[in-house]
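Report on one structure; see the data block that follows.
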Amino acid sequence: MSDGHQAPSAQSTSVPVRASSRPPAVRRFLRNRAAVVGLILVVLLVLLAVFAPLLAPYAPDAQNLRARLRGPSAEHWFGTDEFGRDILSRVLYGARISLFTGLVPVVSGLLVGTTIGLVAGYYRGRIDDVLMRVMDVLLAFPSLLLALAVVGALGPGLVNAVIAVAIVAVPGYARLARSVVIATREEEFVQAARALGARDPRLLVRHVLPTTLGPLSVQATLGIGFAILSMAGLSFLGLGVQPPTADWGEMLARGRRFLPDSPWLLLYPGAAISLTVLAFNLFGDGLRDALDPRD
Amino acid sequence: MLSYIARRILGLVPVLLGVAFLVFTMLWLAPGDPVVALLGDAAQGIGSDALAELRRSYGLDRPFLVQFGSYLGDVLRGDLGESIRSSQTVLSEITSRFPATLALAGSAMLVAIVIGMVFGVLAAVYRGTIVDHVAVVIALLGVSIPVFWSGLVLMLVFSLHLDWLPASGFGSWRHLLMPAAAVGFSSAAFIARITRASLIEALRQDYVRTARSKGLSSRAVRLKHALRNALLPVVTVVGLQFGGLLGGAVLTETVFAWPGVGRMLVDAIRTRDMPLVQGTVLFIAVVFILVNLVVDLSYAALNPKVRYE
Chain A
641 MSDGHQAPSA QSTSVPVRAS SRPPAVRRFL RNRAAVVGLI LVVLLVLLAV FAPLLAPYAP
701 DAQNLRARLR GPSAEHWFGT DEFGRDILSR VLYGARISLF TGLVPVVSGL LVGTTIGLVA
761 GYYRGRIDDV LMRVMDVLLA FPSLLLALAV VGALGPGLVN AVIAVAIVAV PGYARLARSV
821 VIATREEEFV QAARALGARD PRLLVRHVLP TTLGPLSVQA TLGIGFAILS MAGLSFLGLG
881 VQPPTADWGE MLARGRRFLP DSPWLLLYPG AAISLTVLAF NLFGDGLRDA LDPRD
Chain B
2 MLSYIARRIL GLVPVLLGVA FLVFTMLWLA PGDPVVALLG DAAQGIGSDA LAELRRSYGL
62 DRPFLVQFGS YLGDVLRGDL GESIRSSQTV LSEITSRFPA TLALAGSAML VAIVIGMVFG
122 VLAAVYRGTI VDHVAVVIAL LGVSIPVFWS GLVLMLVFSL HLDWLPASGF GSWRHLLMPA
182 AAVGFSSAAF IARITRASLI EALRQDYVRT ARSKGLSSRA VRLKHALRNA LLPVVTVVGL
242 QFGGLLGGAV LTETVFAWPG VGRMLVDAIR TRDMPLVQGT VLFIAVVFIL VNLVVDLSYA
302 ALNPKVRYE
């Protein structure tokens with residue numbers, strides 16, 4: 641979302657400036673205000689999640705039945721739920737679950753997908769055909785449907801939902817890694833390493849894999865936002881994170897039962913999901929524009 | 002064009018087979034005995050001898066591939082099994098829910114196309130101005146805000162506070178407005194992003210410069226020349242979104258208690274109604290694949306280059 645929005649660069653001024661020692665991609669990223677905002681938000685979210693036990697005024701599952709369904713106040717900034725649990729504390733702890741359930745499927749999908757893409761793109765031929773047909777089948781499902789199918793087979797729950805979202809992520813990474821590897825395998829440096837006697841596993845890991853990291857890191861950053869959204873959706877449907885764990889999607893599913901009298905139950909967890917996904921989307925878009933400056 | 006259509010349809014056969022295989026194996030992915038997975042809660046209290054008998058009667062004791070072959074035969078005959086909960090055939094359950102899903106998907110797409118294209122075109126034409134920034138921010142919010150949250154907020158405001166629209170249910174256009182707006186806004190964001198990017202790219206092309214140099218008005222150049230060409234990728238995104246929605250806007254249908262296919266699938270997963278889960282997943286996937294085929298073919302019809310590649 642940065643194309644065309646960059647602030648004027650230092651080079652456009654007539655005053656001679658010392659060349660920046662930063663790589664061009666970093667400079668492009670830092671010039672993109674939306675991307676920097678995204679990065680700051682991501683860092684802030686990680687800090688909130690890490691320090692949730694220090695920042696949260698109450699334990700996330702501490703019940704106070706005398707303070708049920710109270711609106712925002714000095715005591716409970718975001719109000720309380722039907723068990724008198726502090727919403728602010730649950731939102732803060734929910735950041736841990738959300739980041740965890742955003743990262744784990746992406747990292748798992750990335751590992752499996754990249755391996756498949758590397759093998760398919762490097763060896764081509766029959767193995768490529770078979771692997772890519774399997775990926776085509778996975779891509780033939782709408783993504784939420786595939787996740788629901790996996791949860792439908794394995795049963796609801798946090799671990800199964802994470803597996804489901806990871807499986808949804810695999811074909812995207814596999815295809816991307818494969819396309820980069822196909823372009824790379826004929827490059828001179830790969831041919832040279834092969835001529836020097838490097839074996840396939842070493843060639844793949846030391847020489848081919850690094851070329852895929854740029855595009856895959858962009859896809860992964862955008863993928864985290866998508867994974868968080870999918871996990872929140874599954875939890876909202878009662879198929880992901882189960883109560884009493886503090887999770888934003890589950891909080892929304894529970895909170896809707898207390899409308900219209902307790903809108904705060906809806907407001908804060910929903911805003912937290914939106915802000916987190918927005919942060920990763922801004923960051924991912926910025927990363928893509930910085931690494932691919934053609935536009 | 003005919004050979005292109007034939008090639009595309011032939012190419013779908015292995016994908017459809019793969020989809021059917023994946024749906025079939027869902028029963029074996031489920032933890033425990035497949036016959037227990039198939040019977041759901043009804044399996045509780047059945048003795049092991051009776052389970053073995055049921056396993057035989059369902060044909061689950063036969064070799065895996067033989068079972069898949071017979072499953073495939075059943076599917077091709079339109080037999081998707083029987084729902085455990087309702088004892089109705091899965092196909093009749095799906096066909097009774099599909100009209101509601103179709104109504105939601107169609108109206109949501111209408112909202113999405115109108116909003117998405119208007120914002121996308123405005124953002125591209127006024128690139129770099131405040132109009133562009135606002136359109137880009139709205140599109141970004143559209144892809145970041147969970148549809149089940151925007152749906153609940155709409156319900157809170159327009160049903161529970163203002164009392165203008167019914168909070169849930171199905172039957173009239175008033176029931177349709179909020180779900181269609183919630184899903185439509187989310188899809189509009191994708192359409193706006195691709196319209197903007199595609200139109201910006203088109204406005205840079207030589208034919209646009211030629212049209213301008215011939216003295217055509219700026220408006221004519223943008224709408225007649227650039228937008229027409231920019232529409233090709235937009236068609237793909239619209240098709241993908243529509244295909245996904247036809248499979249049931251699962252989350253929105255749940256929020257608004259909309260009696261569509263998506264909500265039925267979630268209920269079936271919750272109640273472990275495995276035949277209904279399998280049948281619905283297969284149905285939705287096939288619909289998605291067919292809509293994508295239609296999109297591909299219309300793309301080829303609009304862009305001759307694709308046909309000859």
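Line by line, the protein sequences are chains A and B. Heads up, the first sequence is in our numbering, so the first residue is 641 and it goes up one at a time. Heads up, the second sequence is in our numbering, so the first residue is 2 and it goes up one at a time. Glycine residues also receive a C-beta, built at the ideal position from the N, C-alpha and C atoms. Bear in mind that the values here come from a model prediction, so they are computed numbers and not experimental data.
Stretch pair the stretch 907 to 922 of chain A + the stretch 139 to 153 of chain B: three plus CB contacts closer than 8 Å = yes
query = Looking at C-alpha atoms only, which residue of 38/B, 11/B, 220/B is the closest neighbour of residue 1/B?
reply = This structure does not reach residue 1/B, given that chain B is present from 2 up to 310, and the question cannot be answered.
key: contact_flag[the stretch 764 to 774 of chain A, the stretch 829 to 840 of chain A] where n(CB pairs < 8 Å) is 3 or more   = no
request  = May I ask you to report which of helix, strand or coil DSSP gives residue 720/A?
outcome  = strand
Residue 272/B in three-state terms, based on DSSP = coil
query = What does residue 110/B touch in chain A if you count any residue whose Cβ is under 7 Å from its own?
reply = Neighbours of residue 110/B on chain A: none; closest Cβ ~14 Å, over 7 Å.
query = With DSSP run on the structure shown, which of helix, strand or coil describes residue 94/B?
reply = helix
message = Give me the residue from 92/B, 174/B, 160/B, 60/B with the minimum Cα distance to residue 105/B.
response = 174/B
message = Buried or exposed, going by whether 16 or more other CB atoms sit within 10 Å of the CB of residue 770/A?
response = exposed
task = Identify every residue that forms a DSSP beta bridge with residue 319/B.
result = The requested residue 319/B does not occur in the structure, where chain B is confined to residues 2 to 310.
ask   = Run through DSSP, which three-state label would residue 726/A get?
value = strand
request  = Residues of the stretch 172 to 186 of chain B with a CB closer than 7 Å to any CB of chain A: list them in chain order, please.
outcome  = none
request  = Could you please give the first and the last residue of the uninterrupted alpha helix (DSSP H) stretch that includes residue 924/A?
outcome  = 904 to 931
ask   = In chain B, which residues lie with their C-beta within 7 Å of the C-beta of residue 917/A?
value = 145
query = Could you give the residue range of the alpha helix (DSSP H) that holds residue 847/A?
reply = Counting along the chain, residue 847/A falls outside any alpha helix (DSSP H), and DSSP gives it neither H nor E.
ask   = Counting contacts by CB-CB distance shorter than 7 Å, is residue 15/B in contact with chain A?
value = yes
message = Assuming residue 50/B is part of the alpha helix (DSSP H), what are its boundary residues?
response = 49 to 58
inquiry  = Three or more C-beta pairs under 8 Å: does that hold for the stretch 860 to 879 of chain A against the stretch 112 to 122 of chain B?
reply    = no
query = Taking C-alpha atoms, which residue in 285/B, 26/B, 258/B lies nearest to residue 66/B?
reply = 26/B
Chain B contacts made by the stretch 920 to 931 of chain A, where a contact means CB separation under 9 Å = 920, 921, 922, 925
key: Minimum C-alpha distance to residue 691/A - residue among 663/A, 734/A, 709/A, 678/A   = 734/A
inquiry  = Please report the distance separating the alpha-carbon of residue 765/A from that of residue 819/A.
reply    = 14 Å
request  = Ignore the nearest five residues each way along the sequence and tell me which others in residue 649/A's own chain have a CB closer than 7 Å to its CB.
outcome  = In this predicted model, residue 649/A has a pLDDT of only 34, less than 50, meaning its place in the structure is not dependable enough to derive any value.
query = Between 897/A, 872/A, 763/A, which lies nearest to residue 888/A when the distance is taken from Cα to Cα?
reply = 872/A
query = Leaving out the 5 sequence neighbours to the left and right, which residues in its chain are closer than 6 Å to residue 728/A when beta-carbon positions are compared?
reply = 717, 718
task = Would you mind listing the alpha helix (DSSP H) stretches within the stretch 113 to 160 of chain B that are 4+ residues and don't spill past its ends, in chain order?
result = 131 to 145, 148 to 155
Interface residues of the stretch 30 to 52 of chain B facing chain A [CB-CB below 9 Å] = 30, 31, 32, 38
ask   = Does the stretch 266 to 274 of chain B come within contact of the stretch 167 to 185 of chain B, defined as at least 3 CB pairs closer than 8 Å?
value = no
query = Taking Cβ to Cβ, would you say residue 187/B is nearer than 7 Å to residue 129/B?
reply = no
task = Using a Cβ-Cβ cut-off of 7 Å, state whether residue 842/A counts as contacting chain D.
result = Structure shown: chain D not included; protein chains present are A and B.
message = Checking 7 Å against the spacing of the C-beta atoms, do residue 806/A and residue 758/A come in under that value?
response = no
Cβ of residue 644/A within 7 Å of any chain B Cβ = Note that residue 644/A scores 32 on pLDDT, short of 50, meaning its location in the model is unreliable and no value can be drawn from it.
query = Comparing alpha-carbon positions, which option in 252/B, 48/B, 201/B, 32/B lies nearest residue 790/A?
reply = 32/B
key: Within-7 Å CB hit, residue 899/A to chain B   = yes
request  = Grab me the residues of residue 123/B's own chain with a C-beta within less than 8 Å of its C-beta, minus the 5 sequence neighbours each way, in chain order.
outcome  = 132, 133, 136
query = In chain order, what residues of the stretch 857 to 878 of chain A put their CB closer than 8 Å to some CB of chain B?
reply = 865, 869, 872, 873, 876, 877, 878
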